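Visitor: Residue numbering for the sequence shown follows our numbering, beginning at 1 and increasing consecutively.
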Amino acid sequence: MEEIEFDLTRIAAAAEMLLQRMGNRRKVALYGQMGAGKTTFVRAICQVLGAVGNVSSPTFAIVNEYSLAETGDAVYHLDLYRLKTLQEAMDIGVENYLEDAAYCFIEWPELIEPLLPPDAVRIKLELVNDSQRKILFL
1 MEEIEFDLTR IAAAAEMLLQ RMGNRRKVAL YGQMGAGKTT FVRAICQVLG AVGNVSSPTF
61 AIVNEYSLAE TGDAVYHLDL YRLKTLQEAM DIGVENYLED AAYCFIEWPE LIEPLLPPDA
121 VRIKLELVND SQRKILFL
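(1) In this structure, what does DSSP give as the bridge partners for S131?
(2) Could you work out which residue in A15, V52, K134, P114 is closest to T71 when comparing CA atoms only?
(3) So, L116 versus A13, is the Cβ gap smaller than 8 Å?
(4) Within 10 Å of its beta-carbon, does D91 have 16 or more other beta-carbons around it, so buried, or fewer, so exposed?
(5) Do three or more CB pairs link the stretch 5-20 to the stretch 86-102 at distances below 8 Å?
(6) Alpha carbon to alpha carbon, how far is L125 from K27? Give it in angstroms, no decimals.
(7) Sort out for me which residues DSSP pairs L125 with in a bridge.
(8) Of all the options Q33, E2, V75, M34, which has the alpha carbon lying nearest to the alpha carbon of V48?
(9) Using a Cβ distance threshold of 8 Å, determine whether the stretch 76-83 contacts the stretch 104-113, with at least three qualifying pairs required.
(10) With distances taken from CA atoms, which of D7, Q33, T59 is nearest A44?
(11) Which of the three DSSP states, helix, strand or coil, is assigned to E113?
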């Protein structure tokens, strides 16, 4: 299993490595325990991509949309933690986000596993210690 270990002071470099490994793929499922740094990592990825605005946790909104400064293209950030059923995910239109050509970063994707595209990048963030994280490619 491939992995990237990084210090939080080098999170942008880790985000760049992930983007390089993604190639043309645009869907990323982020697994990991509460506090592993999923939102912080998505924030770093969005900064590397050049997203405009404040990237924050979509826990209560469920979906945040950002735009890329250079192209105006959308970037979607989903947090499915509060959803209880696959039907709830479908009711918010999760399929539309997965079918769109835009980047889509999904925290707590377990509920929608059956809907994820086969080429979705699946990563797990793990705590190594207070300042170190590990990304495992699943």
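Glycine included, each C-beta is placed from N, C-alpha and C at the ideal position.
Small disclaimer: the values here were computed from a predicted structure and weren't measured.
Guide: With the structure as the only source:
(1) Locating residue 131 in the sequence shown gives position 131, counting from the first residue. None; S131 has no bridge partner.
(2) The count along the sequence shown starts at 1 and reaches residue 71 at position 71. If we check each option's Cα against that of T71, V52 comes out closest.
(3) By one-based count along the sequence shown, residue 116 stands at place 116. By one-based count along the sequence shown, residue 13 stands at place 13. No.
(4) Indexing the sequence shown from 1 puts residue 91 at position 91. By the neighbour-count rule (16 or more Cβ atoms within 10 Å), D91 is not buried but exposed.
(5) no
(6) Residue mapping note: residue 27 aligns to position 27 of the sequence shown, counting from 1. Residue mapping note: residue 125 aligns to position 125 of the sequence shown, counting from 1. Their Cα atoms are separated by approximately 16 Å.
(7) Looking up residue 125 in the sequence shown gives position 125. Paired residues: I135.
(8) What you label residue 48 is simply residue 48 of the sequence shown in a count that begins at 1. Nearest C-alpha to V48: V75.
(9) yes
(10) Position 44 of the sequence shown, counted from the first residue, corresponds to residue 44. Closest option to A44, Cα to Cα, is D7.
(11) For this step, residue 113 is matched to residue 113 along the sequence shown. Helix at E113.
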